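**Q** Just passing along the structure, written as structure tokens.
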Amino acid sequence: MSQKTAGACLCGTVRFEIDGAFESFFLCHCRRCRKDTGSAHAANLFSTVARITWLSGRESIKSYRVPASRHEKSFCERCGSALPRVQAGGASLVVPAGSLDGPVGIRPSAHICFAERAEWDERLEDISRIDGLPD
Ligand SMILES: [Zn+2]
Ligand SMILES: [Zn+2]
617 MSQKTAGACL CGTVRFEIDG AFESFFLCHC RRCRKDTGSA HAANLFSTVA RITWLSGRES
677 IKSYRVPASR HEKSFCERCG SALPRVQAGG ASLVVPAGSL DGPVGIRPSA HICFAERAEW
737 DERLEDISRI DGLPD
């Protein structure tokens, strides 16, 4: 069964399509992922079978690797949005969940590096949920 999901960056320069299923979905709370995303955690999908097709803007993709580490990110040079990347020499596709425009297909597998979470990242399920912007 083929399962295709489309995605794009915020400015629309980079567009892609992913063909195949994801195997895991991790919410990483490590310090590097918090810096990288500017948020509480990264939300990355992983697949060893899915293939990515770049539909536009491939020349606008830049990447950064933290020296002497495995932490790497790909992003649009115009808008800075996180983008998919191939890692482990092509063996694994990593896709930031927020870059997708269609359904992800799986639930998050786990919170990881949870011991490194931000000090405010605690009992978030207890706070108000507002459907739009606050007054
Ligand atoms: Zn962009
Ligand atoms: Zn991390």
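Just so you know, the sequence shown maps onto residues 617 to 751 in this note's numbering.
Glycine included, C-beta positions come from ideal geometry on N, C-alpha and C.
Here the structure is a predicted model, which means the values were calculated and not measured.
1. Give me the pocket residues for ligand 2, defined as CB within less than 5 Å of any heavy atom, sorted by chain position.
2. Quick check on the contact list: which residues have their beta carbon closer than 6 Å to a heavy atom of ligand 1?
3. Please confirm whether threonine 669 and phenylalanine 638 have their CB atoms less than 8 Å apart.
4. In the DSSP output, which residue or residues are listed as bridge partners for valine 702?
5. Taking the alpha carbon of cysteine 627 as the reference point, which residue from Arg745, Ser697, Val710 has its own alpha carbon closest?
6. Secondary structure at glutamate 675, three-state DSSP: helix, strand or coil?
7. Keeping to the same chain, check which residues put their C-beta closer than 7 Å to that of cysteine 729; ignore five residues upstream and five downstream.
**A** Taking the structure as given:
1. Cys644, Cys646, Cys649
2. Cys625, Leu626, Cys627, Thr629, Val630, Cys692, Arg694, Cys695, Ser697
3. Numbered from 1 along the sequence shown, position 53 holds the residue referred to as residue 669. Numbered from 1 along the sequence shown, position 22 holds the residue referred to as residue 638. Taking 8 Å as the Cβ cut-off, threonine 669 and phenylalanine 638 do not qualify as a contacting pair.
4. Working through the sequence shown from its first residue, we reach residue 702 at position 86. Bridge partners of valine 702: Leu709.
5. As a first step, residue 627 is located in the sequence shown; it is residue number 11 there, counting from the start. That would be Ser697, whose Cα lies nearest to the Cα of cysteine 627.
6. For this step, residue 675 is matched to residue 59 along the sequence shown. If DSSP states are grouped into helix, strand and coil, glutamate 675 belongs with the helices.
7. Position 113 of the sequence shown, counted from the first residue, corresponds to residue 729. Same-chain partners within the cutoff: Cys644, His645, Cys646.
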